[in-house]
Amino acid sequence: MTNTEILRDTQIVVDLNKLAGNMTKIKEMVGADVDIMPVIKANGYGHGACAIAQTLMECGASALAVATLTEALELKEAYPDYPVLIMGYTPDRLLHWVVEKDIIQTIWSIEQAEKLGQLAGSLDKTACVHIKVDTGFHRLGKCPSDEFAAEISDIFKVPHLAVQGIFSHLALAGLSEDEEQYQQFTDFIKKLEAIGCKFHYKHIADSIACVDYPQYRMNLVRPGALLYGMKGAQYADINVEQILTFKTAISQLHEIPAGEGLSYDYLWKAERDSIIATLPFGYADGYPRNLRDKGYVIINGTRAPIVGVICMDQCMADVTDVPDVCCGMEAIIYGDGKDGSMTIAEAASLSSTNKNDIIARLTARPPRVYIGK
Ligand SMILES: *Cc1c(COP(=O)(O)O)cnc(C)c1O
1 MTNTEILRDT QIVVDLNKLA GNMTKIKEMV GADVDIMPVI KANGYGHGAC
51 AIAQTLMECG ASALAVATLT EALELKEAYP DYPVLIMGYT PDRLLHWVVE
101 KDIIQTIWSI EQAEKLGQLA GSLDKTACVH IKVDTGFHRL GKCPSDEFAA
151 EISDIFKVPH LAVQGIFSHL ALAGLSEDEE QYQQFTDFIK KLEAIGCKFH
201 YKHIADSIAC VDYPQYRMNL VRPGALLYGM KGAQYADINV EQILTFKTAI
251 SQLHEIPAGE GLSYDYLWKA ERDSIIATLP FGYADGYPRN LRDKGYVIIN
301 GTRAPIVGVI CMDQCMADVT DVPDVCCGME AIIYGDGKDG SMTIAEAASL
351 SSTNKNDIIA RLTARPPRVY IGK
């Protein structure tokens with residue numbers, strides 16, 4: 001066995017050229033005055049955070065954003081010099097990691113600031129933070145108020161601490177709700193600036209907001225979905241491409257006579273004499289189990305419906321109409337749609353969820369294969 005040998009037919013192929021293309025399109029859209037901080041939490045939405053980080057930085061990312069400490073540590077291990085922001089909460093008992101590894105941390109209290117400052121002081125370092133403002137999402141941060149403004153002013157005075165940015169997040173509840181959140185945020189920043197709190201970065205826009213609301217881009221945007229080619233914007237458009245292909249190969253073929261069932265509970269029964277292919281992927285690879293009798297794969301240019309209950313590691317497809325079907329033949333699970341394959345967008349719709357869920361749930365089990373660059 002060599003390091004490069006791929007030990008499974010079920011693979012997630014990620015095209016780094018397409019990723020670079022998407023990054024370039026986002027850059028062109030936002031222009032030179034707006035920095036980009038790609039969001040690569042949840043293992044880069046399933047694509048492999050460490051493997052895509054370099055392409056993103058080479059394409060001009062200013063920093064990389066993740067949700068958790070573990071995600072940040074993984075990136076810092078591979079790329080100690082890349083700036084990495086944790087957008088989520090890190091418990092006080094773990095803040096020493098943030099300081100030791102020079103990770104940028106999101107905070108919203110003087111207690112968090114003092115803890116980070118102390119840790120940084122003891123290591124002769126400066127801890128870097130972004131402050132989170134709650135403008136209505138009620139997830140993290142504090143709402144704008146005189147008390148919070150005074151607290152932020154105190155945070156600026158903490159030794160060994162550098163406040164690099166301030167941010168909020170839109171609920172995307174509608175035009176007027178979004179406008180209301182943005183106004184609250186910018187009014188609060190004006191107030192803070194008036195009392196001497198200056199922020200290098202001010203940001204509120206995720207993928208949808210940075211496409212739909214050019215006026216909310218401020219000086220930094222945080223696209224996640226867009227990088228991976230997921231278009232969710234309602235009011236404007238950007239021509240990004242899906243960068244992954246999820247594929248496998250037939251492991252076995254069965255001839256099933258009309259009337260016979262298959263898989264758990266025999267929930268699907270053959271209406272005609274059928275040829276059924278066993279495919280070596282299942283819900284433990286991140287394929288939605290509720291795509292039974294809805295999902296399909298493309299084999300030899302032909303649509304083959306997934307039939308019967310989807311198992312943890314395998315599922316079955318009706319390949320009766322696939323020309324020259326044979327064992328080992330490639331099956332496209334998620335593709336770009338040009339070959340008739342199911343796109344991430346279609347999988348999301350058939351599975352009654354959103355596109356980010358479909359890609360972020362792809363598990364570690366299928367090997368990632370990187371092409372391009
Ligand atoms: C996940 C996340 C993003 C990116 O969201 P997309 O919809 O994928 O662009 C941006 N900001 C925050 C705070 C997030 O948690």
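Counting along the sequence shown from 1, when you hit position 154 you're at 154 in the UniProt record's numbering, and nothing is skipped either side. In this text, a Cβ means the ideal position worked out from N, Cα and C, and glycines have one as well. Quick caveat: nothing in here was measured; it's all calculated off a predicted structure.
CB-CB length for residue i against residue j, believed under 8 Å
| i | j | result |
| --- | --- | --- |
| valine 39 | glycine 224 | 3 Å |
| isoleucine 104 | valine 129 | 7 Å |
| histidine 171 | glutamate 179 | A small correction: the amino acid at residue 171 is alanine; histidine does not occupy that position in the sequence shown. The pair is not a contact, with the Cβ atoms about 12 Å apart (cut-off 8 Å). |
| cysteine 311 | serine 263 | 7 Å |
| tryptophan 108 | lysine 142 | 5 Å |
| isoleucine 166 | valine 133 | 6 Å |
| valine 98 | asparagine 219 | That pair is no contact at about 24 Å. |
| leucine 140 | alanine 127 | Leucine 140 to alanine 127, Cβ: 18 Å. No contact. |
| leucine 64 | leucine 73 | Their Cβ separation, rounded to whole angstroms, is 13 Å, which puts leucine 64 and leucine 73 out of contact at 8 Å. |
| alanine 78 | alanine 53 | 7 Å |
Nearest residue (CA-CA) to residue i, options the options
| i | options | result |
| --- | --- | --- |
| isoleucine 204 | Lys198, Ala78, Gly196 and Gln184 | Gln184 |
| methionine 329 | Gly196, Ile195, Arg217 and Ile299 | Ile299 |
| cysteine 326 | Arg368, Pro305, Asp237 and His254 | His254 |
| lysine 41 | Lys27, Lys125, Thr245 and Ala360 | Ala360 |
| isoleucine 238 | Asp124, Leu56, Thr363 and Lys27 | Lys27 |
| aspartate 9 | Ile250, Asn290 and Gly301 | Ile250 |
| glycine 21 | Ile333, Tyr287, Gly229 and Ser145 | Gly229 |
| lysine 115 | Lys101, Asp102, Glu100 and Asp92 | Asp92 |
| glycine 121 | Asp102, Leu161, Thr353 and Pro214 | Leu161 |
| alanine 236 | Gln252, Ala209 and Phe188 | Ala209 |
| methionine 316 | His138, Tyr296 and Gln164 | Tyr296 |
| proline 214 | Gly31, Ser349 and Gln11 | Gly31 |
| aspartate 293 | Asp285, Tyr266 and Ala364 | Tyr266 |
Residue i vs residue j beta-carbon contact at 7 Å
| i | j | result |
| --- | --- | --- |
| serine 274 | aspartate 339 | no |
| cysteine 59 | methionine 23 | yes |
| alanine 270 | isoleucine 256 | yes |
| phenylalanine 281 | threonine 320 | no |
| isoleucine 110 | isoleucine 155 | yes |
| lysine 373 | leucine 16 | yes |
| leucine 279 | alanine 331 | yes |
| aspartate 206 | arginine 217 | no |
| valine 369 | valine 13 | yes |
| leucine 95 | threonine 55 | no |
| leucine 192 | alanine 149 | yes |
| serine 168 | isoleucine 195 | no |
| threonine 135 | glutamine 181 | yes |
| threonine 70 | glycine 88 | no |
| tryptophan 268 | valine 307 | yes |
| isoleucine 344 | isoleucine 333 | no |
| leucine 362 | glycine 46 | yes |
| lysine 25 | valine 240 | yes |
First and last residue of the uninterrupted beta strand (DSSP E) at residue i
| i | result |
| --- | --- |
| valine 14 | 11-15 |
| cysteine 128 | 127-132 |
| histidine 47 | Here histidine 47 belongs to no beta strand (DSSP E), and DSSP marks it neither H nor E. |
| alanine 162 | 161-167 |
| isoleucine 299 | 296-299 |
DSSP state of residue i mapped onto helix, strand, coil
| i | result |
| --- | --- |
| methionine 316 | strand |
| leucine 19 | helix |
| methionine 1 | With a pLDDT of only 46 at methionine 1, under 50, the local geometry of the prediction cannot be trusted, and no value is derived from it. |
| lysine 373 | coil |
| valine 240 | coil |
| arginine 8 | coil |
| glutamine 183 | helix |
| lysine 338 | coil |
| leucine 220 | strand |
| histidine 96 | helix |
| leucine 123 | coil |
| glutamate 271 | coil |
| lysine 142 | strand |
| phenylalanine 188 | helix |
Terminal residues of the alpha helix (DSSP H) in which residue i lies
| i | result |
| --- | --- |
| glutamate 147 | 146-157 |
| leucine 350 | 344-350 |
| phenylalanine 281 | Element bounds for phenylalanine 281: n/a, residue is neither H nor E. |
| alanine 65 | Careful: alanine 65 lies outside any alpha helix (DSSP H), inside the beta strand (DSSP E) at 64-66. |
| valine 211 | 207-212 |
| residue 412 | No statement about residue 412 is possible, as the shown extent of the chain runs from 1 to 373 and does not include it. |
| alanine 360 | 355-360 |
Check: residue i C-beta below 6 Å from any heavy atom of ligand 3
| i | result |
| --- | --- |
| histidine 130 | Ligand 3 is not among the ligands present in this structure, which contains only ligand 1. |
Any C-beta of chain B under 7 Å from that of residue i
| i | result |
| --- | --- |
| serine 168 | Note that chain B does not occur in the displayed structure, where there is just one protein chain. |
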